[in-house]
Every structure is written in structure tokens, then in C-alpha cells.
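In what follows, a structure is listed as C-alpha cells, so that the remarks can point back to it.
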Amino acid sequence: MLGIEDLNLMELVLDRCSIVIVGAWNLAIFRPEWVGKRLFPDDPEFQLGFAIAAGAGPVTHYQSTQVRLVASAGELEFRPTSQDDKSFAAIEESARTVLGLLPETPIDACGINFGFDAKAVVTGDITQTD
């Protein structure tokens with residue numbers, strides 16, 4: 042028989058939670074001044090990083106206290122920095138802001154992702170694994 046402690050079988054994986062907007066993004070717009078003023082106005086100390094991804098070209102990473110933004114020419118990905126409602130609301134607001142400010146950008150797809158890992162549970166004769 043399952044006990045109440047066995048009902049929490051799934052664990053949210055923050056790195057697999059995001060809002061992704063696939064489109065023809067002009068990375069010249071996503072400069073620190075533009076992103077800071079429009080997406081992180083209450084967090085002037087946001088972080089910035091750059092990378093080059095094989096097949097995707099240059100990728101810019103921004104992080105505020107609640108939102109991680111990964112910007113490439115093919116997609117924008119908004120990730121929460123913590124598992125609280127405030128961070129999840131902040132990624133939604135950031136995505137809405139970008140869509141509202143750049144309505145002419147051709148959009149191919151939008152998606153909301155949540156990633157979970159299953160916990161291994163053994164209770165009596167019931168076994169569930171990852």
C-alpha cells in the first residue's frame with residue numbers, strides 16, 4: 042500500500058524548465074543596454090556571458106536575480122533562477138515583453154518546458170525507478 046510520503050515521486054529539475062521562442066532573432070538588438078533597460082530594469086547588476094555553439098553560432102547569456110536569458114539567432118530561451126513563483130512569473134513576463142517589443146520578428150514556434158526526474162520508490166511490493 043502506498044503511503045503519503047510516496048506521493049512525491051517527481052522532482053522538478055530547474056535546468057530543464059524554460060520558455061523557448063524559436064524565430065529569426067536579430068542578435069544586434071540583444072545588447073546589454075537593450076536587455077538591461079527593457080528586461081531587467083530592476084536589476085542593474087545582471088550578468089552577461091558569451092559563447093559560440095557548434096551549428097548555432099554566437100550565443101549570449103544574461104542572468105538577473107530571477108531570469109536567465111539565452112539568446113541565439115534561432116531562439117530565445119528564458120529560464121528561472123529558482124523554483125519559486127516569482128521566478129516563473131518573471132520568465133513569463135520577460136518573454137511577453139520581448140514579443141511585445143519586437144512584433145515584426147518572424148516566430149516559428151513557442152514552447153513551455155518543465156523537466157522532472159522520477160525518484161526511486163520501494164514500498165511493500167511496489168517498485169518504481171528512474
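The opening residue of the sequence shown carries number 42 in the working numbering; numbering runs sequentially from there. Every residue, glycine too, gets a C-beta built ideally from N, C-alpha and C.
1. Nearest CA to the CA of F87: which residue from P99, E74 and G98?
2. Could you name the residues that DSSP lists as bridge partners for G96?
3. On the premise that E118 lies in contact with S59, defined as a C-beta separation below 8 Å, what is that separation, rounded to the nearest angstrom?
4. Would F71 pass as a contact of T101 if the rule is Cβ separation under 7 Å?
5. Leaving out five residues on either side along the sequence, give the residues of the same chain with a beta carbon under 7 Å from the beta carbon of K90.
6. Within a Cβ cutoff of 8 Å, which residues of the same chain sit near I45, ignoring the five residues on either side of it in sequence?
7. Where does E86 fall in DSSP's three states?
8. May I ask you to verify whether the region 133–145 touches the region 154–161, counting CB pairs closer than 8 Å and requiring at least 3?
9. For V63, report the span of its alpha helix (DSSP H) as first-last.
10. Quick one, which of I153, A95, I148 and T138 has its alpha-carbon nearest G77's?
11. Tell me which residues share the same chain as I153 and place their Cβ nearer than 6 Å to its Cβ, disregarding the 5 neighbours each side in the sequence.
Quick look at the numbers:
1. The residue with the shortest Cα to Cα distance from F87 is E74.
2. G96 is not bridged to any residue.
3. At roughly 5 Å, the Cβ-Cβ gap stays under 8 Å, so S59 and E118 are in contact.
4. A distance below 7 Å separates the beta carbons of F71 and T101.
5. Before going on, a small fix: residue 90 reads as Gly here, not Lys. In its chain, beyond the 5 residues on either side, H102 have a beta carbon closer than 7 Å to the beta carbon of G90.
6. With a pLDDT of 45 at I45, under the threshold of 50, the modelled position of that residue is not reliable, and no figure is offered here.
7. Residue state, collapsed to three classes: coil.
8. Too few Cβ pairs lie closer than 8 Å, so no.
9. For V63, there is no enclosing alpha helix (DSSP H); the residue is found in the beta strand (DSSP E) stretching over S59 to G64.
10. Ranked by Cα distance from G77, the options I153, A95, I148 and T138 are led by T138.
11. So the list reads I60, once near-sequence residues are dropped.
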